[in-house]
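Residue numbers (this note's numbering): 1 to 247.
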């Protein structure tokens, strides 16, 4: 079963505390700070249900938004209807097979999406494809899980509840891999509940290896940041942000 086949429709309700506006403020600040060129066009790689895409579109950017899940893209397209500004272009593509018709001024990849690539060669291939489609001097901004966060998730059970949806996550972190089983309970109009199960896997990548792969792919001015903080990461950060410039 594909990840997010059932979770896509409930994703926004379950992520209501993610504070996307604050994260959009931060990634915008980073790509404007890093970029050596004016930023008009932005790639939102692994855009999910399109929340970041919509926020940046409303701020006047022209978005190309890519995701590997048709179910998440369906939610994103519906959400983007009626936006002010240029309508985003949504593409169904995997990250390592990114293929655009033109270059962009900046690219973002948010909410630990890169961790879903569980093979080193796929991460490196994704960075190479990003270099191909970011204009010279353009910025790349992305975030990944911090190791302490993943270690704390080992053997845990989490529950998110909404008015008509409940999600139970059971997690295990072993040998650099985060596996989690997601049970999604959805209230039907007749008052009964349906249950669907999805399995997700992510891999931890360290700052040193990601920095090396960025440099090898053709990026420079590589910097690490705390979780929505303009400082170096520390042990309190659940995510580590990267900014880099395409040579």
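For every residue, glycine included, the Cβ atom is placed at its ideal position computed from N, Cα and C.
Tell me the rounded alpha-carbon separation between residue 142 and residue 22. Position 142 of the chain shown, counted from the start, is the residue given in the question as residue 142. Position 22 of the chain shown, counted from the start, is the residue given in the question as residue 22. Looking at the backbone, the Cα of residue 142 and that of residue 22 are separated by about 15 Å.
Rounded to whole angstroms, what's the CA-CA distance from residue 104 to residue 243? Just pull it up for me. As a position in the chain shown, residue 104 is number 104, starting the count at 1. As a position in the chain shown, residue 243 is number 243, starting the count at 1. Looking at the backbone, the Cα of residue 104 and that of residue 243 are separated by about 16 Å.
Cβ separation of residue 184 and residue 207, assumed to be a contact under 8 Å, to the nearest whole Å: The residue you call residue 184 lines up with position 184 of the chain shown. The residue you call residue 207 lines up with position 207 of the chain shown. Your pair residue 184 and residue 207 does not check out as a contact, with CB atoms roughly 33 Å apart and the cut at 8 Å.
Contact defined as beta carbons within less than 8 Å: I believe residue 96 pairs with residue 129. What is the distance between those atoms, to the nearest angstrom? As a first step, residue 96 is located in the chain shown; it is residue number 96 there, counting from the start. As a first step, residue 129 is located in the chain shown; it is residue number 129 there, counting from the start. Rounded, the Cβ-Cβ distance is 7 Å, consistent with contact.
Check residue 117 in the structure and name its three-state DSSP category. For the purposes of this step, residue 117 is taken as the residue at position 117 of the chain shown. Secondary structure of residue 117 (DSSP, three-state): coil.
Continuous alpha helix (DSSP H) stretch holding residue 39: start and end: Against the chain shown, residue 39 aligns to sequence position 39. No alpha helix (DSSP H) holds residue 39; DSSP gives it neither H nor E.
Out of curiosity, what's the CA-to-CA distance linking residue 80 and residue 67? Locating residue 80 in the chain shown gives position 80, counting from the first residue. Locating residue 67 in the chain shown gives position 67, counting from the first residue. The C-alpha of residue 67 is placed about 15 Å away from the C-alpha of residue 80.
In three-state terms, what does DSSP make of residue 96? By one-based count along the chain shown, residue 96 stands at place 96. Under the three-state reduction of DSSP output, residue 96 falls in the helix class.
Helix, strand or coil: which one does DSSP assign to residue 223? Sequence index remark: in the chain shown, residue 223 carries index 223 (1-based). Three-state result, residue 223: strand.
At what residue ranges does the region 145 to 230 contain a whole run of the alpha helix (DSSP H), taking only runs of 4 or more? If you keep only unbroken alpha helix (DSSP H) runs of at least 4 residues inside the region 145 to 230, you get 147 to 153 and 207 to 217.
Nearest CA to the CA of residue 260: which residue from 85, 145, 180 and 226? For the chain, the structure presents residues 1 to 247; residue 260 sits outside this window and is missing.
For residue 241, three-class secondary structure by DSSP: Within the chain shown, residue 241 is the residue found at index 241, counting from 1. Residue 241 falls in the strand class under three-state DSSP.
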